[in-house]
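K.L.:
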Amino acid sequence: MAGVWILAENRNQTLELLSVAAGLAEKLGTQVAAFLGGDPQLAQEYISCGADEVLILPPLAEDQPQEAYIPIIVEEARQGDPDIFLIAATLRGKEMAARIAARLNTGLCSGCTALQLEPTGEKLEMERLVFGGAAVQTVTCLTRPQMATIAPRTFAAAAPVAGRKGQVKELAPPPPGLVKVLERKPKVRQSGDINEAKVLVCVGRGIEKEEDMALARGLAEVIGGELACTRPIAEEFHWLPEETYIGLSGQKVKPDIYIGIGISGQIQHVTGIRDARFISAINRDENAEIFNMSDCGIVGDLYAVLPELTRELKQALKK
Amino acid sequence: MMLRIITCFKWVIDQADIKTAPGSRELVLDQAAYRISDYDRFAIEEAVILQEKYGGSTAAITIGTPEARKSLKDVLSRGLEKAYFINDPSFDNLEPSQTASILATAIRSQLDYDLIICGEGSGDLYAQQVGPRLAEALDIPCATCVSKITIDGDQIIVERKLDDGIEVAAMPLPAVVTLLPDINSPRIPGLKDTLAASKKPIVDITGADLGQHFEPCLQTVSILASSMKRNGVKFSSDPSDISKFVDAILKTGLIG
């Protein structure tokens, strides 16, 4: 079936894409189809939340990666000829989207942050960040289907509508592929979820030693926040788990309050906090870029400021 | 086996040089310097590491306008043995499907390979499409987000760091991999490396040599500066100023 198709790895991502897809389908006078891997029980919920058809991906063999679904998704798209195909921009989703787009000979807007239909027609105008977040590129897709990957949590989840009807179709199992999974090591969460946190204390390279992380941790505890960091803190120094680094290639967060400690404000990092409601920073360099994009800040040595700040906040919050 | 490695790299605008025209969102790029995309440095280094470990050959490949020739000495100073330069005055502002098609066409006609290595994304567009699209165009397997590589006979074993954990996978060569930056620490070339680079072979491949046109699938409507400016108030580290900072945070009503 033509229309707006979506593919995501889990329920939350699917519901977010369904809200986007349903909006577009209404304007185009067409329908929404959603792929569903995993629990087939979710099909009815997806239909309630805007899907007109749910395409069920059958279970994979033990040694098959998720990417093994690509041939059957592509085959379905060749037959159904969707107008628009949106895919959740998870790490896996980004690879799958690029390969699906390649097989369908079509264009793909990676990491789409906003999209709208042109006033006069059926073309999507899609925005994405380039140059590490310093600029916004607006693109249109010249081929069919118009494809985009959209990062999780970019849009609100669709809400269910009682009595909505739709169809469910089970797809054939994918053929064996060349890539064999030998082992899976699930991620052990070592920290709170920075995506859900209302308050984030974020650490950058201004922190000199791992033991000094205690200063930031102390502040986070007092204001009920989670600790996050820039990419080098997680990836080079391993002071915090990798799922806590914020930025273009890491997490994009939307906390109410962000406090950046020893963060210079490199565009790759601050791109991940642009949707924070209140941004504040502590840095000894008064010309640090982070101050330009902060609502307020302290120019000073974090080693002097943090103990005092934590004490003041503790008193004010009576903890 | 003799492992023949190709590393793809991109010559990109140095982000530090991106300026905005006063009073507008227009980008001013004409004074900008170019550099090898940071993510591609890991792909270059990994090729050198794999060659040290398993032998075989290494080559770099890039696409650009003739001005991108400056990138070749730089890439060769980083340890790769040979550079393929696909260039044409029209190869400017290519979108990922074009880049992948051009690379695939050139590689298919001119290069022998077992392993193609790409960075996780380019430093300018960061679309993260070229690696996977190239694999599809060459009809070979692909793994993204790779943080470890082992060659085992005629197959490659990769560790992929994904959202939900690590996946260890095996695939037959030839294959494409895209790397995460934590896979290695790129060496900084010394004077000797730079001197050696100027003696290494460069193969020119022109647009005409490829014998076909590469139409875009995406059209750029605009590229404008993204403003994140909030220009808030700056306090000093005096205790009285720290109190004001605390007040400012509490006044938002978003804590507690």
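Chains A and B supply the protein sequences, listed in that same order. Residue numbering for the first sequence follows the numbering used here, starting at 1 and increasing by one per position. Residue numbering for the second sequence follows the numbering used here, starting at 1001 and increasing by one per position. Just so it is clear, CB atoms sit at the ideal spot from N, CA and C, and this is done for glycine as well.
#1: Can you confirm whether Val181(A), when its beta carbon is compared against all beta carbons of chain B, has any partner nearer than 7 angstroms?
#2: Are the C-beta of Gly29(A) and some C-beta of chain B separated by less than 7 angstroms?
#3: Could you tell me whether the stretch 89 to 105 of chain A touches the stretch 1131 to 1145 of chain B, where touching means 3 or more Cβ pairs closer than 8 angstroms?
#4: Of all the residues that make up the stretch 1127 to 1144 of chain B, which are near chain A by a beta-carbon distance shorter than 9 angstroms?
#5: Measure the CB-CB distance between Gly166(A) and Leu1218(B) and report whether it falls below 7 angstroms.
#6: Whole angstroms are fine: how far does the CA of Gly297(A) sit from the CA of Val305(A)?
#7: Ends of the beta strand (DSSP E) at Pro186(A)?
#8: Do Asp256(A) and Lys198(A) count as a contact pair if the criterion is CB distance below 7 angstroms?
#9: Please list the partners that Gln137(A) has in chain B, where partner means a Cβ-to-Cβ separation under 8 angstroms.
#10: What's the C-alpha gap between Thr113(A) and Thr154(A)?
#11: DSSP beta-bridge partners for Cys296(A)?
#12: Quick check: the Cα distance between Leu86(A) and Leu129(A), rounded to an integer number of angstroms?
#13: Given a threshold of 16 other Cβ atoms within 10 Å of its Cβ, counted over all protein chains shown, does Pro176(A) qualify as buried or as exposed?
#14: Under 7 angstroms between C-beta atoms, does Ser294(A) make it to chain B?
#15: Could you work out which residue in Asp1182(B), Arg1035(B), Met1002(B), Pro1066(B) is closest to Thr1205(B) when comparing CA atoms only?
#16: Suppose you measure from the CA of Leu248(A) to the CA of Thr271(A); what does that come to, to the nearest Å?
#17: If I follow the unbroken alpha helix (DSSP H) through Thr271(A), where does it start and stop?
#18: How many angstroms separate the CA atom of Ile1157(B) from the CA atom of Glu1026(B)?
#19: List, in order along the chain, the chain B residues whose C-beta lies closer than 9 angstroms to that of Cys109(A)?
#20: Can you give me the Cβ contacts of Glu76(A) inside the same chain, cut-off strictly under 7 angstroms, excluding the 5 residues immediately before and after it?
#21: Consult DSSP for Asp301(A) and reduce its assignment to one of helix, strand or coil.
#22: So with Cβ pairs under 7 angstroms, would you call Phe1235(B) a contact of chain A?
#23: I want to see whether chain A comes within less than 7 angstroms of Gln1015(B), judged by CB atoms only; does it?
#24: DSSP three-state label for Glu392(A), please.
#25: Is it true that the CB of Asp295(A) sits closer than 7 angstroms to the CB of Gly1253(B)?
#26: Tell whether a beta-carbon distance below 7 angstroms holds between Cys229(A) and Val203(A).
#27: Can you check whether the C-beta of Pro1022(B) is within less than 7 angstroms of a C-beta belonging to chain A?
#28: Is the beta carbon of Glu312(A) sitting closer than 7 angstroms to the one on Val1012(B)?
#29: Between the beta-carbon of Tyr1113(B) and the beta-carbon of Arg1004(B), is there less than 7 angstroms?
#30: Could you give the DSSP three-state label for Phe1091(B): helix, strand or coil?
#31: How big is the Cα-Cα spacing for Thr947(B) and Gln1031(B)?
#32: List the DSSP bridge partners of Pro1172(B).
#33: Taking Cβ-Cβ distances below 8 angstroms as the criterion, which residues of the stretch 1088 to 1101 of chain B are in contact with chain A?
#34: Can you confirm whether Cys141(A), when its beta carbon is compared against all beta carbons of chain B, has any partner nearer than 7 angstroms?
#35: May I ask you to list the residues that DSSP assigns as paired with Val136(A)?
#36: Closer than 8 angstroms between beta carbons: that is the criterion. Which residues of the stretch 298 to 313 of chain A meet it against chain B?
P.N.:
Quick look at the numbers:
#1: yes
#2: no
#3: yes
#4: Ala1127, Gln1128, Gln1129, Val1130, Gly1131, Pro1132, Arg1133, Leu1134, Ala1135, Glu1136, Ala1137, Ile1140, Pro1141, Cys1142, Ala1143, Thr1144
#5: no
#6: 11 angstroms
#7: 180 to 186
#8: yes
#9: Leu1125, Thr1220, Ser1222, Ile1223
#10: 7 angstroms
#11: Ser280(A), Val1233(B)
#12: 17 angstroms
#13: exposed
#14: yes
#15: This sequence places Ile at residue 1205(B); Thr is not what is there. Selected option, being the one with the closest Cα: Pro1066(B).
#16: 6 angstroms
#17: Run containing Thr271(A): none; DSSP gives neither H nor E here.
#18: 46 angstroms
#19: Ala1127, Leu1218
#20: Leu55, Leu171
#21: coil
#22: yes
#23: yes
#24: The question about residue 392(A) has no answer, for chain A in this structure spans 1 to 319.
#25: no
#26: yes
#27: no
#28: no
#29: yes
#30: coil
#31: Any answer about residue 947(B) is impossible in this case: the structure gives chain B only from 1001 up to 1256.
#32: Gln1155(B)
#33: Glu1095, Pro1096, Ser1097, Ala1100
#34: yes
#35: Leu129(A), Leu1224(B)
#36: Ile298, Val299, Gly300, Asp301, Ala304, Val305, Glu308, Leu309, Glu312, Leu313
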